[in-house]
Each structure stands twice: as C-alpha cells, then as structure tokens.
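Visitor:
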Amino acid sequence: MIATILFMAVQAAFAQRVPIPNPTWPLDSVVNWSVHRYQVPGDENYRLPSRFVWKVSGGMLYHDAEATMMAGDGLTDTVVGNARNHTSMFVRWDIGTALDTGYVYVWEISADGCERSSKDFGKYRGMRIKISAPPKVRFLANETIICSYDDSARVFLEIEGMPPYDIVYALNGETQNMHITSDDLYDWDGDGEINNVSFLVDGMSGITSDTVIYYQLLEASSGGVPGDILPDFPDHTVIGHVQPPPPQIFPSNQEVTRGHTRNYSLLDRGVNPQSWHWQLFHESDAMVYEDFLPNIDVAMNFDAAQYYWQATYIDNFGCVSLPDTLWIEIFNQPYIMFSDSTPGIKNCSAVSLIPDEVFEFIVEYYGARSYSFTWEVYDYNGNLVDSGELEYQTYRQNIIAIENNFINDELPPENRPWKVVITSAGNEESDVEVLILDSDIEGGRDERIIMIHPKPIILDDIDFAN
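Residue 335 in this note's numbering sits at position 335 of the sequence shown, with consecutive numbering throughout.
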C-alpha cells in the first residue's frame with residue numbers, strides 16, 4: 001500500500017546543533033517491509049526547481065512504489081523538484097534490527113546554491129517512524145463449545161502488528177475476507193492489550209443435534225505486507241452442543257427423620273458425565289446444602305419442612321445438564337397414638353361364640369413413612385386375648401378392627417373393662433425410634449377401653465295374669 005504524507009514545515013529556530021531526528025517531528029507508524037510515499041513542498045518563491053537532499057534511517061529510498069529503482073545509495077539521494085518545486089520519494093521500511101524506530105528527512109538547496117544553516121531548525125523537514133513487524137495472527141484457542149442453553153459465543157483472534165489488517169479465512173471451507181481497523185480491536189482476553197477481534201456465533205438454542213463450525217486462517221497482511229499465521233492456533237472449531245438430558249435421582253428417602261444421615265444416589269448418572277452437582281433447596285427456594293459427588297450421605301439436620309433435591313451434571317463438553325428433582329419431607333421424631341376422635345367403647349357381652357360386632361379405633365401416626373405397628377387386647381384380669389399388626393402403612397390414619405368376642409358372664413354381674421394397647425411401632429428408617437405416646441402413663445393415648453356389660457339374666461318366672 002502506498003501512503004502519501006505531507007510534511008509540514010517547522011518554524012525556524014536556531015541552536016548550536018539541530019538534533020537528527022528532531023523529537024518535534026511528527027511520529028507515524030508503518031509495517032516493516034511496507035513501502036510508503038513521502039512528499040515535501042519546496043519554497044514557492046523560487047522560479048526554478050530546487051534540489052532536495054533525502055536521507056533515511058531504518059529503510060531504503062526508492063523512486064517507485066514497487067521498490068525496484070533504488071534512489072542514490074538507498075540511504076541518501078539528491079533529486080530535483082518538479083515544476084511546482086515539490087519533491088517526493090518512496091521508502092521501503094526494513095529495520096532489520098531490534099531497533100523499531102526510524103526516520104526520514106529532507107532539506108532544500110535552491111537552484112542558485114542557497115540553503116539554510118545546519119543550525120537552523122527550519123532547514124530539515126522530517127518524520128519519525130515507528131516500525132512494526134508484519135502482523136501475526138492466531139486464534140486464542142482451538143475450540144469453543146456453545147451449550148444450547150447459551151445460544152451464542154464469541155471466537156477470538158489475537159493480532160500482533162499495526163492496523164489496519166486484512167484477514168482471509170475459511171468458514172466451513174468457504175473463503176471470507178475481513179478488513180480490521182483499530183476501531184474493531186478490543187481487549188477481549190483481558191491481558192491489557194487492545195489486540196483482539198471476535199466472531200459472534202449464535203443461533204444454537206434451537207439445535208436438536210450437535211453442530212460443528214470450522215474456521216481456518218489463510219492469510220494476514222497489513223498495508224499490503226504479508227504477515228504470519230502462527231502455528232499454535234491456526235484454526236478453530238466451534239461445537240454447538242445440545243444440552244445433556246437430566247440424570248435420574250433414585251427415588252428413596254423421600255420422607256426422613258430430622259437428625260439422621262441419609263444416602264441419595266443416582267439411578268441414571270447421565271450421558272458422558274464428568275462431575276455432578278447436588279443442591280438441596282427449602283420449599284421457599286433457599287439453598288441449604290450442596291455436594292459434588294454422584295452419591296452423597298447427608299445429615300438431615302434441617303428444620304422439619306418440605307425440601308427438594310436438584311441434581312445436574314457436567315458432561316465431557318463442559319455443558320450443564322437439565323436438572324432432575326426429588327421432593328422430600330423432613331419430620332421430627334415420629335410418634336403414634338389412638339386418635340382423640342375415637343374414645344373408649346361401651347357395649348354388651350357377646351351373646352354367642354360367633355362375633356356379631358366389630359369395634360373400630362382410629363390410630364394416628366406422625367413421621368416419615370411407611371410405618372408398622374402392633375396392638376394387643378387384654379381382658380379385665382390382664383390376660384392377653386387378642387392381638388394384631390399393620391405393616392408398611394402409608395396413610396397417617398388407620399383403623400384397627402376388634403371383633404366382639406368378649407364374654408362377661410362372671411358374678412357378680414357388673415361392667416368389666418377390656419384394654420386395647422398399642423404395643424410396638426417402627427418405620428422404614430431402621431435407626432429411628434417411633435414413640436408410642438403415653439406408653440408410660442396408665443390410661444394414656446396408647447390405649448383404649450372396651451367396657452363390656454354382663455349378659456342379661458331373667459331370674460323370675462313370668463307371672464301370668466289370671
């Protein structure tokens with residue numbers, strides 16, 4: 001690329017010696033090996049064209065934009081101005097050393113041999129040149145994963161050199177061109193240097209199968225000077241990955257007693273899982289516990305209430321799966337008792353050996369289910385006369401039915417009590433004690449009385465009326 005730059009005249013000043021290069025000269029930036037044209041207007045008061053002496057440091061002087069006709073010895077040359085008394089020269093910048101700053105300057109000698117003093121600041125018109133290496137470009141990584149729940153991501157390039165740049169790349173095999181100016185550059189990688197450009201890749205939220213997009217850098221240049229595609233990341237693969245399906249929590253311990261440790265595991269650990277994430281939330285959605293193992297042992301020391309587990313995993317693409325949930329309820333220590341809605345019963349002695357009545361009592365349970373309990377029936381002499389058991393119950397109220405085979409025929413004829421007692425209880429948590437309320441109190445909520453009247457006896461004959 002040929003750049004035309006007009007040197008501005010510097011006001012005359014005098015000193016013992018003029019520094020070369022003059023720090024007041026304007027500063028420009030070029031790419032190493034690029035060719036730029038520099039033009040200087042001479043004194044307009046001369047009728048004949050002047051001679052102009054050109055000098056360069058950090059490059060070579062040429063008469064043409066293709067840098068095929070060297071001017072002078074390449075470092076200095078004297079040329080005659082044109083009809084307007086203007087002069088121009090091409091410089092191919094090639095610093096060739098670790099030094100990255102060069103300069104070019106010129107002074108004028110009139111046709112009749114006049115020139116300013118070498119102590120005159122106004123004699124020399126020049127420009128300081130910041131010389132940058134040809135661009136080097138690469139991707140910051142070789143792969144980007146876009147999980148479908150994120151929809152989009154950016155692919156980052158890093159470019160060393162001086163803008164503007166021209167990049168040629170292939171997108172899924174199709175050649176693309178991109179012109180990059182300084183306004184297009186950002187510090188995307190946060191390293192403090194504004195030398196990154198990005199491609200936005202979006203539209204992944206609706207995919208139903210994994211999608212692959214392939215980028216490949218082909219060419220990089222700045223000012224027409226070819227640069228380098230660095231070998232570490234010359235291409236980049238974008239994978240749009242469908243969000244993994246949820247794991248499956250094993251449906252166990254959904255009702256537990258507070259203060260006891262329980263195990264939760266995954267029936268299905270997921271598709272290509274790499275790590276897991278368990279979170280326990282209160283029913284108000286406040287998180288109270290989390291863990292990162294496929295199977296966890298948790299001390300359920302939380303308040304008695306409703307909670308829910310949420311389990312996810314990260315697959316081998318780094319995407320978070322859909323969640324699976326399991327609701328649980330935490331109870332205080334479980335207990336069992338007869339319901340206050342079914343007090344003791346008064347009834348008559350059975351009139352035959354075949355029961356003709358059933359006495360029903362409601363038993364209430366509070367705690368984690370399922371549960372089992374037993375009961376026994378004692379007669380008025382304390383003898384065991386009946387018993388029963390209900391196992392693996394899931395309703396909090398159960399009815400026990402006791403057949404009326406109670407015979408009260410002892411003398412003297414009076415009401416006599418049979419006692420129904422809850423004798424044992426337990427739930428599916430083997431390490432939990434189920435309290436039988438009032439089991440240490442006579443007549444408490446662990447027992448009910450069936451009061452049996454004696455059989456009626458007619459002692460006198462019928463008195464027939466005459």
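Beta carbons are placed, not taken as given, at the ideal position from N, Cα and C, and that holds for glycine.
Only counting the same chain, and skipping five residues up and downstream in sequence, which positions put a Cβ closer than 6 Å to that of Val-225?
Guide: Taking the sequence shown and counting its residues from 1, the one referred to as residue 225 is at position 225. So the list reads Val-31, Trp-33, Ser-34 and Pro-134, once near-sequence residues are dropped.
Visitor: Does Gly-122 come out as helix, strand or coil in the three-state DSSP assignment?
Guide: For the purposes of this step, residue 122 is identified with residue 122 of the sequence shown, where counting begins at 1. Note: Gly-122 maps to helix in three-state DSSP.
Visitor: State the CB to CB distance for the pair Arg-138 and Phe-233, rounded to an integer number of angstroms; the pair is presumed to be in contact (CB under 8 Å).
Guide: Taking the first residue of the sequence shown as 1, we reach residue 138 at position 138. Taking the first residue of the sequence shown as 1, we reach residue 233 at position 233. Going by Cβ atoms, the distance from Arg-138 to Phe-233 rounds to 5 Å, so yes, they are a contact pair.
Visitor: Runs of 3 residues minimum, wholly inside the segment 12-93: which ones carry the beta strand (DSSP E) assignment?
Guide: 27-31, 35-41, 51-57, 59-62, 76-80 and 86-93, all fully within the segment 12-93.
Visitor: Just the Cα atoms here: how many angstroms apart are Ser-110 and Ile-95?
Guide: Numbered from 1 along the sequence shown, position 110 holds the residue referred to as residue 110. Numbered from 1 along the sequence shown, position 95 holds the residue referred to as residue 95. Between Ser-110 and Ile-95, the C-alpha separation is close to 32 Å.
Visitor: Hey, quick one: how far does the beta strand (DSSP E) through His-453 stretch, first residue to last?
Guide: To locate residue 453, count along the sequence shown from 1; it is residue 453. Counting along the chain, the beta strand (DSSP E) containing His-453 begins and ends at 447-453.
Visitor: Quick one: Cα of Asp-184 to Cα of Val-197, how far?
Guide: In the sequence shown, the residue the question calls residue 184 occupies position 184. In the sequence shown, the residue the question calls residue 197 occupies position 197. The straight-line gap from Cα to Cα measures roughly 7 Å.
Visitor: On the premise that His-86 lies in contact with Val-40, defined as a C-beta separation below 8 Å, what is that separation, rounded to the nearest angstrom?
Guide: Residue 40 sits at position 40 when you count from the first residue of the sequence shown. Residue 86 sits at position 86 when you count from the first residue of the sequence shown. Right, their Cβ atoms sit about 7 Å apart.
Visitor: Kindly indicate the opening and closing residues of the beta strand (DSSP E) around His-260.
Guide: For the purposes of this step, residue 260 is taken as residue 260 along the sequence shown, with counting starting at 1. It is not in any beta strand (DSSP E) - His-260 carries neither H nor E in the DSSP assignment.
Visitor: Return the chain-ordered list of same chain residues with a C-beta closer than 8 Å to the C-beta of Asp-189, the five sequence neighbours on each side being excluded.
Guide: Here residue 189 refers to the residue found at position 189 when the sequence shown is read from its first residue. Counting only Cβ-Cβ distances below 8 Å, and skipping sequence neighbours, we find Leu-140, Phe-156, Glu-158 and Asn-196.
Visitor: Enumerate in chain order the residues of its own chain whose CB-to-CB distance from Gly-444 is below 6 Å, with the five nearest sequence positions on each side excluded.
Guide: For this step, residue 444 is matched to residue 444 along the sequence shown. Once the five neighbours on either side are set aside, the close Cβ partners of Gly-444 are Asp-438.
Visitor: Looking at C-alpha atoms only, which residue of Val-420, Ile-399 and Gly-58 is the closest neighbour of Ser-132?
Guide: What you label residue 132 is simply residue 132 of the sequence shown in a count that begins at 1. That would be Gly-58, whose Cα lies nearest to the Cα of Ser-132.
Visitor: Where does the unbroken beta strand (DSSP E) through Glu-391 begin, and where does it stop?
Guide: Within the sequence shown, residue 391 is the residue found at index 391, counting from 1. Per DSSP, Glu-391 belongs to the beta strand (DSSP E) from 384-393.
Visitor: Can Cys-319 and His-241 be called in contact, C-beta distance under 9 Å?
Guide: Position 319 of the sequence shown, counted from the start, is the residue given in the question as residue 319. Position 241 of the sequence shown, counted from the start, is the residue given in the question as residue 241. In this structure, His-241 lies closer than 9 Å to Cys-319 by Cβ.
Visitor: Would you tell me roughly how many angstroms separate the C-alpha atoms of Ile-239 and Val-212, rounded to the nearest one?
Guide: Taking the sequence shown and counting its residues from 1, one reaches residue 239 at position 239. Taking the sequence shown and counting its residues from 1, one reaches residue 212 at position 212. Looking at the two C-alpha atoms, the distance is approximately 5 Å.
Visitor: With Glu-364 and Arg-416 assumed to form a contact (beta carbons below 8 Å), what rounded beta-carbon distance in angstroms separates them?
Guide: Here residue 364 refers to the residue found at position 364 of the sequence shown. Here residue 416 refers to the residue found at position 416 of the sequence shown. With 8 Å as the limit, Glu-364 and Arg-416 do not qualify as a contact, their Cβ atoms being about 28 Å apart.
Visitor: I need the boundaries of the beta strand (DSSP E) containing Cys-114, first residue and last residue.
Guide: Here residue 114 corresponds to residue number 114 of the sequence shown, with the count starting at 1. Here Cys-114 belongs to no beta strand (DSSP E), and DSSP marks it neither H nor E.
Visitor: Below 8 Å on the Cβ atoms is my guess for Phe-468 versus Glu-255; work out the distance and round it to an integer in Å.
Guide: With the chain covering only 1 through 466, there is no way to say anything about residue 468.
Visitor: Could you give the first and the last residue of the continuous beta strand (DSSP E) run that contains Ile-213?
Guide: Along the sequence shown, one-based indexing puts residue 213 at 213. Segment 211-222, the beta strand (DSSP E) holding Ile-213.
Visitor: What would DSSP say about Ser-275, mapped onto helix, strand or coil?
Guide: Position 275 of the sequence shown, counted from the start, is the residue given in the question as residue 275. Note: Ser-275 maps to strand in three-state DSSP.
Visitor: Once you ignore the five residues that flank Val-18 on each side, which residues in its own chain have a CB closer than 8 Å to its CB?
Guide: Looking up residue 18 in the sequence shown gives position 18. Excluding sequence neighbours, Val-18 sits near Ser-118, Lys-119, Asp-120, Phe-121, Lys-123 and Tyr-124.
Visitor: Just how far apart, CA to CA, sit Gly-344 and Val-420?
Guide: For the purposes of this step, residue 344 is identified with residue 344 of the sequence shown, where counting begins at 1. For the purposes of this step, residue 420 is identified with residue 420 of the sequence shown, where counting begins at 1. Near 9 Å, if we compare the C-alpha coordinates of Val-420 and Gly-344.
Visitor: Could you pull out every residue in the same chain whose Cβ sits closer than 8 Å to the Cβ of Pro-21, ignoring the five residues on either side in sequence?
Guide: By one-based count along the sequence shown, residue 21 stands at place 21. If we look at Pro-21 and ignore the five residues flanking it on each side, its Cβ neighbours are Ser-57, Tyr-103, Tyr-105, Gly-126 and Arg-128.
Visitor: Does Asp-440 come out as helix, strand or coil in the three-state DSSP assignment?
Guide: Here residue 440 refers to the residue found at position 440 when the sequence shown is read from its first residue. It is coil, neither helix nor strand.
Visitor: Could you check if Pro-244 is buried or exposed, using at least 16 other CB atoms within 10 Å of its CB as the buried criterion?
Guide: By 1-based counting over the sequence shown, the position of residue 244 is 244. Classification of Pro-244: buried, given that the 10 Å Cβ count is 16 or more.
Visitor: Closer than 8 Å is the cut-off here; do at least three beta carbon pairs connect the segment 199-212 with the segment 286-306?
Guide: The answer is no - the segment 286-306 does not touch the segment 199-212, with fewer than three Cβ pairs under 8 Å.
Visitor: Under 6 Å Cβ to Cβ from Val-386, same chain only, skipping five residues before and after it: list those, please.
Guide: Taking the sequence shown and counting its residues from 1, the one referred to as residue 386 is at position 386. Residue identity differs from the one stated: residue 386 is Asp in this sequence, not Val. Closer than 6 Å at the Cβ level, and outside the excluded window around Asp-386, lie Val-377.
Visitor: Going by C-alpha to C-alpha distance, which of Ala-83, His-63, Gly-81 and Asp-43 sits closest to Gly-74?
Guide: Position 74 of the sequence shown, counted from the start, is the residue given in the question as residue 74. Per the Cα distances, His-63.
Visitor: Could you tell me the distance, in whole angstroms, from the CA atom of Glu-447 to the CA atom of Pro-246?
Guide: Here residue 447 refers to the residue found at position 447 when the sequence shown is read from its first residue. Here residue 246 refers to the residue found at position 246 when the sequence shown is read from its first residue. Going from the Cα of Glu-447 to the Cα of Pro-246 covers about 50 Å.
Visitor: Considering Cα atoms alone, identify which of His-453, Gln-393 and Ile-441 is closest to Ser-414.
Guide: By one-based count along the sequence shown, residue 414 stands at place 414. Note that residue 414 is Glu in the sequence shown, not Ser. The shortest Cα separation from Glu-414 among His-453, Gln-393 and Ile-441 belongs to His-453.
Visitor: What are the start and end residues of the beta strand (DSSP E) that includes Pro-134?
Guide: Here residue 134 refers to the residue found at position 134 of the sequence shown. Premise fails: Pro-134 is in no beta strand (DSSP E) and is neither H nor E.
Visitor: Does the Cβ-Cβ distance between Val-79 and Ala-67 come in under 9 Å?
Guide: Walking along the sequence shown from the start, residue 79 turns up at place 79. Walking along the sequence shown from the start, residue 67 turns up at place 67. Not closer than 9 Å, so no.
Visitor: Quick one: residues in its chain with C-beta nearer than 8 Å to the C-beta of Ser-341, no 5 flanking neighbours on either side, listed in chain order?
Guide: Looking up residue 341 in the sequence shown gives position 341. Cβ within range, chain order: Ile-362.
Visitor: How about Ser-372 and Leu-390: do their beta carbons lie closer than 9 Å?
Guide: The residue given as residue 372 occupies position 372 in the sequence shown. The residue given as residue 390 occupies position 390 in the sequence shown. Cβ atoms of Ser-372 and Leu-390: closer than 9 Å.
Visitor: Taking a contact to mean a Cβ-Cβ separation below 9 Å, would you say Lys-130 touches Gly-161 in this structure?
Guide: For this step, residue 130 is matched to residue 130 along the sequence shown. For this step, residue 161 is matched to residue 161 along the sequence shown. No.
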